[in-house]
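Going by the working numbering, the first residue of the sequence shown is number 192, and it counts up by one from there.
Even glycine gets a Cβ: it sits at the ideal position worked out from N, Cα and C.
What follows is one structure encoded as structure tokens, with my remarks underneath.
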Amino acid sequence: MHDGTPSSQAPPAADVTERLGYRLKRTAASLRGAMDRALREYGMTVPQYACLELLDQRPGLSNAELARGTFVTRQSMNVVLRGLQDAGLITRPAATDRGRALPAHLTEEGHRRLAAARSAVYAIDQRMTDAVPERRLADLLADLDRMVAALDG
């Protein structure tokens, strides 16, 4: 249990840019910027791409499920879904008989656009992965998972 006092493992940094949280945020911002630039060529945003990836893996997800999976609010996901629907990349029924959830599915054009953008996004992920020595990658991934568990738990 943490009592709010600083840990002996992490003394206060004189320079905030040396803190782990700052470094993680900087890495996330760099990843987002690289993805934004790459996806612009395919007429997509990062949330739209993430939504298409999730729907490709699990067709029929609801707005709430997609919002959780792409780390945006449900309100933001409504905007994302509307944009994808207007672009002809997904379909959603106008109404459903099982509550308020409107399951979304990729169209053929959605599958084509996702496939085209995927190689660019995977190349970015590979560049980031290649920056970590192979012998340390499994430990880094496990450390990241432990950090999430520590913050969520």
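Would you tell me roughly how many angstroms separate the C-alpha atoms of residue i and residue j, rounded to the nearest one?
i: D247; j: Y240; result: 11 Å
i: T236; j: D227; result: 6 Å
i: M192; j: D334; result: Unreliable placement is indicated for M192, whose pLDDT of 48 sits below 50; no coordinate value is reported for it.
i: D343; j: G212; result: 15 Å
i: R217; j: E209; result: 11 Å
i: D321; j: R265; result: 34 Å
i: A285; j: L293; result: 8 Å
i: A341; j: A219; result: 19 Å
i: R327; j: M319; result: 13 Å
With a threshold of 8 Å on Cβ separation, who are the neighbours of residue i within its own chain once the five nearest residues in sequence on each side are excluded?
i: L272; result: C242, N254, L257, I281, R283 and A295
i: L348; result: The shown model of the chain, from 192 to 344, leaves out residue 348, and the question about it has no answer.
i: S267; result: P238 and A258
Starting from residue i, trace the alpha helix (DSSP H) in both directions and tell me its first and last residue.
i: D321; result: E299 to D321
i: V237; result: V237 to Q248
i: S349; result: Lying before the first or after the last residue shown, residue 349 is absent from the chain, which here runs from 192 to 344.
i: R259; result: N254 to T261
i: D206; result: Premise fails: D206 is in no alpha helix (DSSP H) and is neither H nor E.
i: G344; result: From DSSP, G344 is part of no alpha helix (DSSP H); its letter is neither H nor E.
i: R394; result: Beyond the ends of the chain as shown, which are 192 and 344, falls residue 394; an answer cannot be given.
i: L272; result: R265 to D277
Around the Cβ of residue i, are there at least 16 other Cβ atoms within 10 angstroms (buried) or fewer (exposed)?
i: L275; result: buried
i: G251; result: exposed
i: M338; result: exposed
i: V207; result: exposed
Suppose the cutoff is 6 Å on Cβ atoms and the five residues either side in sequence are ignored; what does the same chain contact list for residue i look like?
i: P349; result: The chain is shown only over 192 to 344; residue 349 falls outside these bounds and no answer can be derived.
Once you ignore the five residues that flank residue i on each side, which residues in its own chain have a CB closer than 7 Å to its CB?
i: R223; result: V237
i: T298; result: G279, L280, I281 and T282
i: L245; result: L252, L257, G260 and T261
i: A225; result: I315
Is residue i near the ligand COA, judged by its Cβ being under 7 Å from some heavy atom?
i: A205; result: In the structure on display, the ligand COA does not appear, and there are no ligands present to speak of.
Should the stretch 302-311 be called in touch with the stretch 222-238, which here means at least 3 C-beta pairs below 8 Å? yes
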